[in-house]
Structures are given as structure tokens and as C-alpha cells.
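Numbered by the numbering used here, the letters in the sequence shown go through residues 186 to 302 in order. The beta carbon of each residue, even a glycine, is placed where N, CA and C say it ideally should be. Contents: one structure, followed by commentary.
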Amino acid sequence: WPTVEGLVVDAHFGETEWYEDGDEGTTWSAHLRYQYFVKGQRYLSSRFTWRSTRGLPQREAYALLQGLHRGMAVIVHYDPRRPGRAVVFPGVDGQGGWYPRSLIAVSVALSIAAFAG
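This is the structure in C-alpha cells:
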């Protein structure tokens, strides 16, 4: 998929407490909204991986949003046939499989861009 530069509109964590059959616990979610432009058209998206970002252990939710903040530039990968369909972290699949090297590389690149900007 082609890439364009996008801008983070919002990045935050969510916490959900659950109770089921006498068990209880807390899960976390990672939320990201960003905007980007393709051929002059503005798009707003909240999908930053192909994996669900809800119901995560706390450290995974924090890892997803580490270093991301409002106003930060991000690289957006968009579907050329449907530009409104996009992700920021393409190294995470829809089956819940993580590719940590991709996530680390993107985090490092974003950190460098933040310091350079």
C-alpha cells in the first residue's frame, strides 16, 4: 500500500473492568485517531493495526501507543482502491499475531521524527 504523512488527532488508553462467573479483571484498549490526505481528500481514521486494540493486557496497550501524541506526524499506509481504509502499524495482522520488530522500528522512527521536528 502507498504511504502518506498523517497527523495524530488523539491518542489515549481505555480501561475496562469485567466480571463473569465469579471472575473479575481489567483489560485495556489503545485508541488512536489520525487524519491524512490522498489526492486532496481529507480522511480521518481510527484503525492503526489490523489487530483489535481492545481487551489487551496493559503492557500491550501501552506498547501500541508508546511515543504517540496529539499533533505528531505518522506514516499512514492506505488502500489505493479505498483510500479511507488505512493503518499506521501494518506489521500487525488480523489474527492477533505480533511482529515486534516492525512495531519497534516504527516506534524508533516516530521518536526520531519527533526529536528532529
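Which whole-angstrom value is the C-beta distance of residue i and residue j, which I expect to be below 8 Å?
i    : j    : result
L241 : T201 : Actually they do not touch by this definition, with Cβ atoms about 10 Å apart.
S231 : L217 : 6 Å
F233 : V272 : 6 Å
P268 : Y228 : 6 Å
Going by C-alpha to C-alpha distance, which of the options sits closest to residue i?
i    : options                   : result
R255 : H197, W186 and T188       : H197
Q243 : D206, R266, G207 and A215 : A215
Q220 : M257, W186 and P265       : M257
D195 : G252, Y204 and E205       : G252
W235 : E190, Y263 and V193       : Y263
E245 : G199, V189 and P187       : G199
G329 : A248, L249, G207 and G225 : The structure shown has nothing for residue 329, since the chain only spans 186 to 302.
In the DSSP assignment, find the unbroken beta strand (DSSP E) run with residue i in it and report its ends.
i    : result
R244 : Not the beta strand (DSSP E): R244 falls in the alpha helix (DSSP H), residues Q243 to L250.
W213 : D208 to V223
L229 : Q226 to S230
What is the DSSP secondary structure of residue i, reduced to helix, strand or coil?
i    : result
W235 : coil
H197 : strand
V273 : coil
W203 : strand
H254 : coil
G240 : coil
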